[in-house]
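Q: FYI, in our numbering the residues of the sequence shown are 332 to 533. Each residue gets a CB set at the ideal place from its N, CA and C atoms; glycine is no exception.
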Amino acid sequence: MSLPDTLAAAPVGIAPGDLVVARAWKYDGAAHWVVPGRYLGADEHGHWVFQPRGSFVARPGLGFMAASDAVCLFPHAGSWVATFYDDDHPDGCRVYVDISTGLGWRPLRPAGWEANSIDMDLDVVRFVGRPAFVDDEDEFAEHAVTKSYPAGLAADMRAACASVHRAVSAGAAPFGGTAAGWFAAGRRGAPTTTEHHPEETP
């Protein structure tokens with residue numbers, strides 16, 4: 332399996348409750364994380380997917396059952412994919428943003444969607460009681476050489492990381508309380524429209 336070369340910018344025709352498989356790749360086409368979930372809806376920030384506790388999370392050489400619920404946001408625009416956790420996360424993680432490129436969607440057969448992205452190593456992470464921080468800068472520097480990241484792309488990813496770090500640190504939407512309503516929607520079942528807008532928590 333390798334990185335798909337034909338992806339849609341948006342999942343046209345997707346419906347709440349549809350299966351969404353989040354599939355991340357590395358820049359050289361190597362497989363990375365795969366996480367199944369259920370489509371919840373879209374708002375001004377992007378498309379939201381519920382990934383319930385017990386979901387099988389896997390990458391080559393590693394697999395486990397998720398210990399807590401999560402909601403994943405695939406933005407309408409931006410070089411990132413964000414995963415949010417709540418009080419049930421065993422380690423206190425609240426926000427985990429993968430700086431990414433090549434975001435795109437393709438339908439699965441016989442039903443559902445695959446949300447693809449290329450993971451560019453850099454992560455913005457926030458835990459309870461700790462300021463947001465940037466992780467895996469050493470991995471990014473190494474892969475920029477070993478995986479031959481173009482200079483322009485590397486600069487764009489660093490800029491995206493800095494922008495997301497500022498937003499997460501400030502608690503700016505969607506990295507503040509926006510995910511709370513989507514957690515509630517996921518736990519009670521998918522909303523009835525793809526333009527569902529759960530009430531945001533300040």
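Could you check whether the stretch 471 to 480 touches the stretch 369 to 381, counting it as contact only if at least three pairs of C-beta atoms, one from each stretch, sit closer than 8 Å?
A: no
Q: Flag this pair as touching only if the stretch 340 to 355 and the stretch 433 to 440 have three or more C-beta atom pairs under 8 Å; answer yes or no.
A: yes
Q: The alpha helix (DSSP H) spanning Gly517 covers which residue range?
A: Ala510 to Arg519
Q: Can you give the Cα-Cα distance for Trp356 and Ser386, rounded to whole angstroms?
A: About 19 Å.
Q: Measure from the alpha carbon of Ser448 to the alpha carbon of each residue in Ala511, Ala498 and Gly409, then state which is nearest.
A: The shortest CA-to-CA distance from Ser448 to any of Ala511, Ala498 and Gly409 is the one to Gly409.
Q: Drop a sphere of 10 angstroms on the beta-carbon of Glu470, count the other beta-carbons inside from all chains shown, and report buried for 16 or more, exposed for fewer.
A: Classification of Glu470: exposed, given that the 10 Å Cβ count is below 16.
Q: For Trp436, list the residues DSSP reports as bridge partners.
A: Ala339 and Ala446
Q: Which two residues bound the contiguous alpha helix (DSSP H) that contains His496?
A: Ala482 to Ala501
Q: According to DSSP, Leu393 sits in a beta bridge with which residue or residues?
A: Its beta-bridge partners are Arg390.
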